[in-house]
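Each residue of the sequence shown is one higher than the one before, starting from 1 at the first, in full-length UniProt numbering.
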Amino acid sequence: MLESFKEFLSQFFKFKDLGVPKYFLGLEIARNKEGILISQRKYAMDLLRDAGLLGCKPSSIPMDPVNHLKQDTGHLMKDSSNQYVSKPCDEHWEATEKILRYLKRTPGHGLFYPSKNDATLSIFSDADWAACLDTRRSMTGYCLFLGSSLVSWKAKKQHTVSRSSAEAELVPEHFGLVSGLRGVVSEAAEE
């Protein structure tokens, strides 16, 4: 099947078959009979080198669950550290360093796609309620699995301020898209 696809492409494009990819667009690809592992080990190590943290003590968690960043002072707020890159404070650098020390512990972690997998589609979603102290907007996210393989995910602030935790859970704009995708994939699996 792959050979016929290559033949088809060669009718329209000039290309060179370089074989099974090991590195593609910053992703490291490792294959064996069990499946495929995609990671960014080299990128993680480059980040540590550039930050001067190759010899740092690794962290077991990516962020401190107690301390939260806030935009104006760098103090407490539950949000990602990258939202404050225009006016970083010491607290922002400490949060970034914590993430990098976590990468030191987990550089080869990645996504594993087993060679044998079922076609069951599972969707997990969650939202907090008004956790952003600057905007009072909720954070929402979802993960979509095909069998045991993560195929889609997203986390972002909601566009509106929710008046309750129930509303925050129902607002995710991608819920309809994900539900629709679930139906399409389920139908395809039945055929």
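Heads up, the beta-carbon is just placed ideally off N, CA and C, and yes, glycines get one too.
Could you tell me which of the options sits nearest to residue i, measuring between CA atoms?
i: THR140; options: LEU150, LEU146, PHE124; result: PHE124
i: PHE112; options: LYS22, GLY52, LYS98, GLU34; result: GLU34
i: ASP64; options: ARG41, GLU97, ASN32; result: GLU97
i: TYR39; options: LYS157, LEU103, LEU121; result: Position check: residue 39 holds Ser in this sequence, whereas Tyr was assumed. Closest option to SER39, Cα to Cα, is LEU103.
i: MET45; options: TRP93, PRO21, ASN32, THR106; result: THR106
i: GLY108; options: LYS154, LYS22, TYR43; result: TYR43
i: PHE15; options: TRP93, LYS6, PRO21, TYR23; result: LYS6
i: SER122; options: PRO114, TYR142, SER115, LEU53; result: TYR142
i: VAL20; options: GLN11, ASN32, PRO58; result: ASN32
i: VAL66; options: GLU91, PHE13, GLN11, LEU25; result: GLU91
Mark residue i as exposed unless 16 or more other C-beta atoms lie within 10 angstroms of its C-beta, in which case mark it buried.
i: GLU3; result: exposed
i: ALA95; result: buried
i: ALA127; result: buried
i: LEU76; result: Residue placement at LEU76 is poorly supported in this model, since its pLDDT is 36, which falls under 50; the coordinates are not used for a value here.
Per DSSP, which residues does residue i bridge with? Please list them.
i: CYS143; result: PHE124, TRP153
i: TYR113; result: ILE36
i: GLU94; result: None; GLU94 has no bridge partner.
i: TYR23; result: GLU28
Suppose contacts are defined by Cβ-Cβ distances below 9 Å. Is residue i in contact with residue j by that definition?
i: ALA51; j: LEU100; result: yes
i: LEU146; j: ALA119; result: yes
i: GLU28; j: ARG49; result: no
Rounded C-beta distance between residue i and residue j? I'm assuming under 8 Å.
i: ASN117; j: SER152; result: Contact doesn't hold; Cβ gap of about 15 Å is too wide.
i: GLY110; j: LEU47; result: Actually they do not touch by this definition, with Cβ atoms about 15 Å apart.
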